[in-house]
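Everything on this sheet refers to the single structure shown next.
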Amino acid sequence: MEKEQFTAEHEAETEGGEGLDEAAAEQQASADGGDDPGDPGDSPEKLGLLLEDARAKADEHWDQLMRVRAEIDNLRKRQARELENAHKFALERFVNELLPVRDSMEMGLSAAQEESAGVEKLREGAELTLKLMADVMAKFEVVQIDPQGEPFDPELHQAMSMMPRDDVPANTVVAVIQKGYTLNGRLVRPAMVMVSQAAN
5 MEKEQFTAEH
15 EAETEGGEGL
25 DEAAAEQQAS
35 ADGGDDPGDP
45 GDSPEKLGLL
55 LEDARAKADE
65 HWDQLMRVRA
75 EIDNLRKRQA
85 RELENAHKFA
95 LERFVNELLP
105 VRDSMEMGLS
115 AAQEESAGVE
125 KLREGAELTL
135 KLMADVMAKF
145 EVVQIDPQGE
155 PFDPELHQAM
165 SMMPRDDVPA
175 NTVVAVIQKG
185 YTLNGRLVRP
195 AMVMVSQAAN
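Numbering-wise, the working numbering puts 10 at position 6 of the sequence shown, and it's gapless, one number per residue.
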């Protein structure tokens, strides 16, 4: 009788243990996220769709890159062409402004060859031509350097000789042999001058 009771109790414990093992296994599977080989997220069809989508985006990005490179290349070529034209025709405006001066000089020479040409008429023609030239130079920011009576400035003047003088301070420009010029504030040609020095 005791043997039968022991056997029955043992079978009950065994069945209870198996039930606990099955519950623990189910709980572990749930915690692992249910890695089921049949999960649609890992299916070959879905992976194929993802791959196809990635390839389409890559092709789109490649096309965009090619378009940007083409635009940059066209911009570079256009800038090079504009720079070349700027170098070729940089003096075009200056030449157009200078032509009337040449026309005036030619008219003056033609008038000087006439028998009735007088000194006064030639002088007026020369003054007109000089004024035209001065106007052209002013348009292009060409400024004349005429330092008569000014202190000598080695940055703008070139001393050709020294002259003893006691009526002006030393290092004063007392004569301008050749006027100088600047272009947009930059020295083009220094003024050639005579400079005073203290008389002995």
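Beta carbons are placed, not taken as given, at the ideal position from N, Cα and C, and that holds for glycine.
Could you check if residue 194 is buried or exposed, using at least 16 other CB atoms within 10 Å of its CB as the buried criterion?
-> Buried.
Taking buried to mean at least 16 other C-beta atoms within 10 Å of its own C-beta, is residue 149 buried or exposed?
-> buried
Residues bridged to residue 149 by DSSP?
-> 184
Would you list the one or two residues that DSSP bridges to residue 191?
-> 186
Check whether the region 137–152 touches the region 179–199, counting contact only when three or more Cβ pairs, one atom from each stretch, lie closer than 8 Å.
-> yes
Could you spell out where the alpha helix (DSSP H) holding residue 163 opens and where it closes?
-> Careful: residue 163 lies outside any alpha helix (DSSP H), inside the beta strand (DSSP E) at 161–169.
Throw me the rounded Cβ distance for the residue 152 and residue 177 pair, which I believe falls under 8 Å.
-> That belief holds up - the Cβ atoms of residue 152 and residue 177 are roughly 6 Å apart, short of 8 Å.
From this set, 94, 96 and 132, which residue's C-alpha is nearest residue 112's C-alpha?
-> 132
Pull up the distance between the alpha-carbon of residue 62 and that of residue 69, whole angstroms please.
-> 10 Å
Pairwise C-alpha distance: residue 122 and residue 116 | 8 Å
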